[in-house]
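**Student:**
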């Protein structure tokens, strides 16, 4: 079963407070991604883990943290939420050793609203 | 950074029509290309992929790629109401996968 689970489905946060989003996958994939999607915009790559190595995009480097304590689990952490963080956060996993043909398997997302 | 653009933004077609969705990208060195489909309230799911110039057909779906023109497309033959969804194109570039902003397709019975 190709399953990526995200919790919670909906999250409400206050400006200035921390937020932690959770993702898990059961496919033993070596790579896990976090994308941010706002209405009518492309999913924006925030960061990804290849095995234990974290890669953060240059323009979001200071805004998001992540951890991957084991192969199945990955979190996305926002230290101090701002209104601009309101979005759908999509987690995805893949098997990168398939090389270029790497296909992403997505979770259903966490909709974060910051008030 | 890779710039991926989709057109049209939205599309309404009658059942049975042929539908064409377009995607352009900015880096001719891009290596792999996908179409993903997201039904309302569901996770995006990979539909088709291609890596070399030309055409690939799977059932009612055909993908065309022209790297020199920085363009690829998805064609749906005999469109069905169940095809109604957000279609996202994606491009692999430098170990990262970049998405377009989507085409919202509605197929009316």
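Residue numbers (this note's numbering), protein chains in the order written: chain Z, 53 to 167; chain E, 164 to 272. Glycine is no exception: its CB is placed at the ideal position from the N, C-alpha and C atoms. No experiment lies behind these values; they were computed from the predicted model shown.
(1) For residue 60(Z) and residue 73(Z), I'd like the C-alpha separation in whole angstroms.
(2) With distances taken Cα to Cα, identify the nearest neighbour of residue 229(E) among 267(E), 185(E), 166(E), 211(E).
(3) Based on DSSP bridge pairs, tell me the residues matched to residue 137(Z).
(4) Looking at C-alpha atoms only, which residue of 87(Z), 155(Z), 91(Z) is the closest neighbour of residue 108(Z)?
(5) Say whether the region 177 to 192 of chain E touches the region 248 to 259 of chain E, bearing in mind that this needs 3 or more beta-carbon pairs closer than 8 Å, one atom from each stretch.
(6) Roughly how many whole angstroms lie between the Cα atoms of residue 134(Z) and residue 102(Z)?
(7) Count the other C-beta atoms from every protein chain shown that fall within 10 angstroms of the C-beta of residue 66(Z), then say buried if there are 16 or more, exposed otherwise.
(8) Residue 160(Z) versus chain E: which residues are under 8 Å apart at the beta carbon?
(9) Indicate whether at least one CB of chain Z lies closer than 8 Å to the CB of residue 200(E).
(10) Please list, in chain order, all residues of the same chain as residue 243(E) whose beta carbon is under 7 Å from its beta carbon, the five residues on each side excluded.
(11) What separation, rounded to the nearest whole angstrom, lies between the Cα atoms of residue 113(Z) and residue 99(Z)?
(12) Just to confirm my understanding: we take residue 119(Z), look at its own chain, exclude 5 residues before and 5 after, and list those with CB closer than 8 Å. What are they?
(13) Would you list the residues sitting across from residue 234(E) in a DSSP beta bridge?
(14) Would you say residue 167(E) faces chain Z, with C-beta separation under 8 Å as the test?
(15) Check each candidate in 76(Z), 141(Z), 64(Z), 82(Z) and name the one with the smallest Cα separation from residue 155(Z).
(16) Can you find a C-beta in chain Z that's less than 8 Å from the C-beta of residue 264(E)?
(17) Could you check whether the Cβ of residue 165(Z) sits closer than 8 Å to any Cβ belonging to chain E?
(18) My output table needs one value for residue 110(Z): the three-state DSSP class, helix, strand or coil.
(19) Does the separation of the CB atoms of residue 265(E) and residue 169(E) fall below 8 Å?
(20) Please classify residue 259(E): does DSSP put it in a helix, a strand, or coil?
(21) The beta strand (DSSP E) spanning residue 221(E) covers which residue range?
(22) Go ahead and pull the three-state DSSP assignment for residue 153(Z).
**Tutor:** In brief:
(1) 7 Å
(2) 185(E)
(3) Looking at the DSSP assignment, residue 137(Z) forms no beta bridge with any residue, so it has no partner.
(4) 87(Z)
(5) yes
(6) 28 Å
(7) exposed
(8) 204, 205, 206
(9) no
(10) 178, 270
(11) 8 Å
(12) 126, 127, 129
(13) 187(E), 229(E)
(14) yes
(15) 82(Z)
(16) yes
(17) no
(18) helix
(19) yes
(20) strand
(21) 217 to 221
(22) helix
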